[in-house]
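The next block holds one structure in the form of structure tokens; read it before the comments.
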Amino acid sequence: MASFSNRDKIKFLKGIFCILAVIGAIQFIIITIIAMFFYPGGYLVFEYTFSYLGTTVAENGAINSISRLLFVLACTLAAILLNPFWVVMPTLFLQKKSIKYLSLLGSFCGIVSSPFLYLLAIIPGDIDFVGHIIATNIFFLLFAAAIIIYSIAILLNTEYENVYGWVGMAFSILIILYPLVFRNIYPIRSLMQRIVVYGFVLWIVYQSTRVWKSVSPKIN
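Residue numbering for the sequence shown follows my numbering, beginning at 8 and increasing consecutively.
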């Protein structure tokens with residue numbers, strides 16, 4: 008009875024962690040979209056990046072209190088709720104020690120990236136531009152490293168479809184290129200940032216549902 012109870016608790020916790028990860032990813036999209044409606048003077052989707060939502064003063068000179076509050080909330084929740092995702096992900100890569108250690112390294116990069124997601128939100132770009140950019144770049148690069156490492160693990164894992172490894176690689180390249188190249192190309196920087204961020208969300212949601220499927224039949 009005790010053995011069954013312990014197994015059941017582990018499976019249940021994995022399921023809860025997956026749900027938290029999905030909530031953390033999806034809430035970011037929902038809350039930031041709501042924040043756009045409260046941006047003073049109107050939020051130009053194809054011109055402004057997400058960072059505009061976190062500034063203290065909008066482009067029209069008005070105080071940007073509500074939009075900033077929502078942006079900080081979205082980033083803070085994501086930074087907290089995505090950590091359980093990085094905790095459970097290595098459980099999909101237990102076939103070989105080399106792949107297991109690779110997945111642990113990926114999760115380490117993911118967890119370390121979380122504080123910088125919080126920092127880039129609470130450091131407004133119009134007050135401390137350098138600090139905001141540093142936090143943003145570190146977050147993107149660490150998150151990219153996590154996805155690259157996991158993409159390699161996926162390609163080495165015979166139980167995983169290789170397509171998801173290649174997709175992860177493609178998004179990782181975009182993640183790395185965004186702060187280094189696309190940030191200063193104004194006509195497309197907003198579009199590229201959304202592709203990268205929404206790619207994050209889709210990748211996290213898919214991987215979380217995969218972990219969920221691996222444990223849910225046993226829970227029931």
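Glycine included, C-beta positions come from ideal geometry on N, C-alpha and C.
All of these numbers come straight from a predicted model, not from anything done at the bench.
Extent of the continuous alpha helix (DSSP H) run through residue i
i, result
"A90", "Going by the sequence as given, residue 90 is Asn instead of Ala. Here the alpha helix (DSSP H) through N90 covers N90 to V95."
"P122", "K104 to I129"
"T143", "F136 to L163"
Residue environment, residue i, which counts as buried when at least 16 other CB atoms sit within 10 Å
i, result
"N71", "buried"
"K225", "Only weak support exists for where K225 lies, its pLDDT of 48 falling under 50; the value from the coordinates is given anyway. The residue in question, K225, is exposed, as its Cβ has fewer than 16 Cβ neighbours within 10 Å."
"I38", "buried"
"L56", "Residue identity check: residue 56 is Thr in the sequence provided, not Leu. Buried, since its Cβ has 16 or more Cβ neighbours within 10 Å."
"Y59", "buried"
"T63", "exposed"
"N67", "exposed"
"F136", "exposed"
"L1", "Missing from the structure shown is residue 1; the chain here goes from 8 to 227 and no further."
"L149", "buried"
Cβ distance (whole Å) where residue i is taken to contact residue j below 8 Å
i, j, result
"V218", "K21", "6 Å"
"V208", "F35", "7 Å"
"V113", "Y157", "The sequence given here places Gly at residue 113; Val does not occur at that position. With 8 Å as the limit, G113 and Y157 qualify as a contact, their Cβ atoms being about 4 Å apart."
"G233", "L88", "Any answer about residue 233 is impossible in this case: the structure gives the chain only from 8 up to 227."
"R75", "P131", "7 Å"
"I23", "F45", "Contact flag wrong, Cβ pair sits at about 32 Å."
"P91", "L51", "Contact doesn't hold; Cβ gap of about 35 Å is too wide."
"P7", "A86", "No answer is possible for residue 7: the residues shown for the chain start at 8 and end at 227."
Own chain partners of residue i with C-beta closer than 7 Å, once the 5 adjacent residues on each side are dropped
i, result
"E54", "S197"
"A151", "S179, I182 and I183"
"V29", "V212 and S215"
"W93", "S114, G117 and I118"
"G48", "A65, E66, N67 and A69"
"G138", "I130"
Cβ-based neighbour list, residue i, same chain, cut-off 6 Å, excluding 5 preceding and 5 following
i, result
"I161", "Y167, Y171 and G172"
"G206", "F178"
"S120", "F146, L149 and F150"
"V95", "K21, F24 and V218"
Cutoff 8 Å; reference residue i; Cβ partners in own chain excluding five residues on either side
i, result
"F100", "I106, K107, L109, S110, A160 and N164"
"D133", "T62, T63 and V64"
"G175", "I154, I155, Y157, S158, I161 and W210"
"I7", "Because residue 7 is not part of the residues shown, which for the chain are 8 to 227, the question remains open."
"T143", "S58, F123, L127 and P186"
Heavy atom of the ligand ATP within 7 Å of residue i beta-carbon
i, result
"I33", "In the structure shown, the ligand ATP is absent, as is every other ligand, since no ligand is present at all."
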